[in-house]
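Residue numbers (the working numbering): 4 to 396. Virtual Cβ for every residue (Gly too), placed ideally from N, Cα, C.
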Amino acid sequence: MGITGGIAAYKAAFLIRLFKKADAQVKVVCTQHALEFITRVTLESLSENRLYDAVFAEQNDYTTEHVALTDWGDVFVVAPATANIIGKLAGGIADDALSTSLLAFNRQVFMAPAMNCKMYEHFAVQKNLAFLKSQGVHIISPAEGFLACGYEGRGRMEEPETIFAIVDAYFAAEESPLKGKKILVTAGPTHESIDPVRYIGNHSTGKMGYAIASELLRRGANVTLVSGPSNLSAHDMIDFVPVKTAQEMFDACMSIFPETDATIMAAAVADYTPETISKHKIKKEQNEDALQLMLKPTPDILRQLGKIKQKQVLGGFALETDNEEDNAIRKIKSKNLDFIVLNSLRDAGAGFSVETNKITIIDNKHQITRYPLKNKTEVAADIADTLEKYFSP
Ligand code: C5P
């Protein structure tokens with residue numbers, strides 16, 4: 004880790020902790036100005052390694068510390084990165100421990116800029132950042148908000164948790180066979196309009212599908228998320244396609260699917276939709292005793308994808324209330340799936356609106372894997388693990 008002299012340097016302590024908790028080894032290189040904001044004792048205690056801050060210091064482990072250190076590190080995370088270190092790296096300047104180490108480092112560099120908003124917007128800083136980006140440096144853009152200098156604007160270093168997640172995702176993607184794969188995920192309910200005001204929907208919130216999309220993104224996949232109405236928001240690196248009805252979801256999936264390597268249908272698609280949508284709000288007065296709605300079936304998207312599938316790995320979901328596994332196995336065959344994720348409403352903690360899920364994955368050779376109750380992020384990881392098997396060399 005590289006640390007420079009900005010007030011956000013105190014947050015670097017939290018970032019070191021997050022890396023250590025994830026079993027990473029951390030060595031810190033910092034500028035002299037950084038030590039005005041955070042102490043040597045803090046950095047050495049948290050990283051459990053000696054700090055490197057002066058090129059000619061007697062206590063250095065090696066004579067050419069910057070070379071030895073940079074051979075040792077897998078990634079270099081500079082947080083906070085001041086305008087100064089950004090300018091130095093962009094200009095190839097090496098005049099202290101950190102800038103020298105950065106120039107000697109030829110693997111992935113992550114920089115989390117932190118500075119006053121006027122400095123951040125300055126054309127020189129923007130030019131340097133654009134150049135570093137073009138050379139493959141991962142720039143973790145600062146957030147907007149209250150700045151220590153009293154200004155309000157863009158320049159706040161991104162939170163340690165977010166920086167950690169970005170670096171973690173880099174490693175996950177490096178190791179995953181899903182890296183670069185095009186994957187379609189569907190999520191959420193569909194809304195089938197009855198009249199201009201009402202619709203038929205279901206209790207799906209989209210949590211499971213969104214969690215799967217995020218996990219696949221984390222593993223380096225190019226993810227398209229086709230989602231019915233949901234309050235959740237997708238990561239901005241996910242190609243997001245919002246839809247409302249089953250028919251719209253069908254149309255979106257049919258056009259995206261041929262280009263994909265895999266598709267996971269986690270959406271709770273309506274099976275029926277009103278035969279006609281009333282142009283006017285249906286009046287209570289005209290239907291005093293009862294209101295009858297005539298429904299027609301919607302297209303079964305998954306079945307249709309199963310019919311046209313070629314090389315694509317296709318996974319579906321089944322939410323059953325009885326004869327779960329038998330029904331799920333029947334669906335694998337009738338929809339031509341590679342695997343199905345079964346969740347039963349009978350299991351406590353599984354189903355709609357809750358944070359947890361309990362799944363069973365069955366593949367088309369009828370191999371059954373039953374998982375314990377987990378939160379939906381962990382369930383998404385299990386589903387991504389299943390998908391990885393199809394792409395492992
Ligand atoms: O047949 P059943 O509705 O139980 O199958 C559930 C699976 O089929 C889910 O993966 C769901 O997303 C998908 N499905 C679909 N189109 C429909 C209904 C369900 O793709 N009209």
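>> Within a Cβ cutoff of 6 Å, which residues of the same chain sit near Leu305, ignoring the five residues on either side of it in sequence?
In response: Met268, Gly319, Lys338
> For Phe260, is the beta carbon positioned less than 7 Å from some heavy atom of the ligand C5P?
Replying inline: no
>> Considering Cα atoms alone, identify which of Leu54, Ile41, Asp77 is closest to Ala107.
In response: Asp77
> Any idea what DSSP makes of Phe355, helix, strand or coil?
Replying inline: coil
> What's the call for Gly94, buried or exposed, on a 16-neighbour Cβ count within 10 Å?
Replying inline: exposed
> In three-state DSSP terms, what is Pro145?
Replying inline: coil
> Using the beta-carbon count (16 or more within 10 Å), is Asn109 buried or exposed?
Replying inline: exposed
> So, helix, strand or coil for Met114, using DSSP?
Replying inline: strand
> Quick one: what's Leu220 bridged to in DSSP?
Replying inline: In the DSSP output, where bridge partners are listed per residue, Leu220 has none listed.
> When the Cβ atoms of the segment 218 to 231 are set against those of the segment 307 to 325, are three or more pairs found closer than 8 Å?
Replying inline: no
> Under 7 Å from any heavy atom of the ligand C5P, does the C-beta of Met268 make it?
Replying inline: yes
> Per the contact definition of three or more C-beta pairs closer than 8 Å, is the segment 51 to 62 in contact with the segment 84 to 94?
Replying inline: no
> Taking the C-alpha atoms as reference points, what is the distance between Tyr388 and Arg221?
Replying inline: Checking the sequence, you will find Asp at residue 388 rather than Tyr. Each residue's alpha carbon lies about 12 Å from the other.
> For Lys334, is the beta carbon positioned less than 7 Å from some heavy atom of the ligand C5P?
Replying inline: yes
> Can the beta-carbon of Ile362 be found closer than 8 Å to that of Ile335?
Replying inline: no
> Of the choices Asp264, Cys256, His125, Tyr123, whose alpha-carbon is the least far from that of Asp303?
Replying inline: Cys256
>> If you reduce the DSSP assignment to three classes, tell me which class Thr266 lands in.
In response: strand
>> Going by C-alpha to C-alpha distance, which of Ser347, Asn367, Glu327 sits closest to Leu340?
In response: Asn367
> Looking at Pro277 and the ligand C5P, is the gap between the Cβ and the nearest heavy atom below 7 Å?
Replying inline: no
> Do you know whose CA, among Ala175, Leu101, Asp74, Asp198, lies nearest Ile6's CA?
Replying inline: Leu101
>> Restricting to Cα atoms, I'd like to know which of Gln307, Lys184, Arg53 is closest to Glu262.
In response: Lys184
> Expressed to the nearest angstrom, what Euclidean distance is found between the alpha-carbon atoms of Thr279 and Thr380?
Replying inline: 39 Å
> Can you name, in chain order, every residue of its own chain whose Cβ lies under 6 Å from the Cβ of Thr73, other than the five neighbours on each side?
Replying inline: Ser104, Ala107, Phe108
> Based on the DSSP output, what are the partners of Cys33 in its beta bridges?
Replying inline: Ile6
> So the alpha helix (DSSP H) Tyr13 belongs to, where does it begin and stop?
Replying inline: 12 to 24
> Got a sec, what are the start and stop residues for the beta strand (DSSP E) Pro83 sits in?
Replying inline: 78 to 84
> How about Thr19 and Val29: do their beta carbons lie closer than 8 Å?
Replying inline: In the sequence on display, residue 19 carries Ile and not Thr. Going by C-beta atoms, Ile19 is nearer than 8 Å to Val29.
> If you count every other CB in all the chains shown that lies within 10 Å of the CB of Tyr55, and 16 or more means buried, which is it?
Replying inline: buried
> Among the residues of its own chain, which have a CB less than 6 Å from the CB of Leu322, if the five just before and after it don't count?
Replying inline: Asn346
> Do you know offhand how far Asp274's Cα is from Thr301's?
Replying inline: 5 Å
> Are Ile371 and Glu327 touching if we call contact CB-CB under 8 Å?
Replying inline: no
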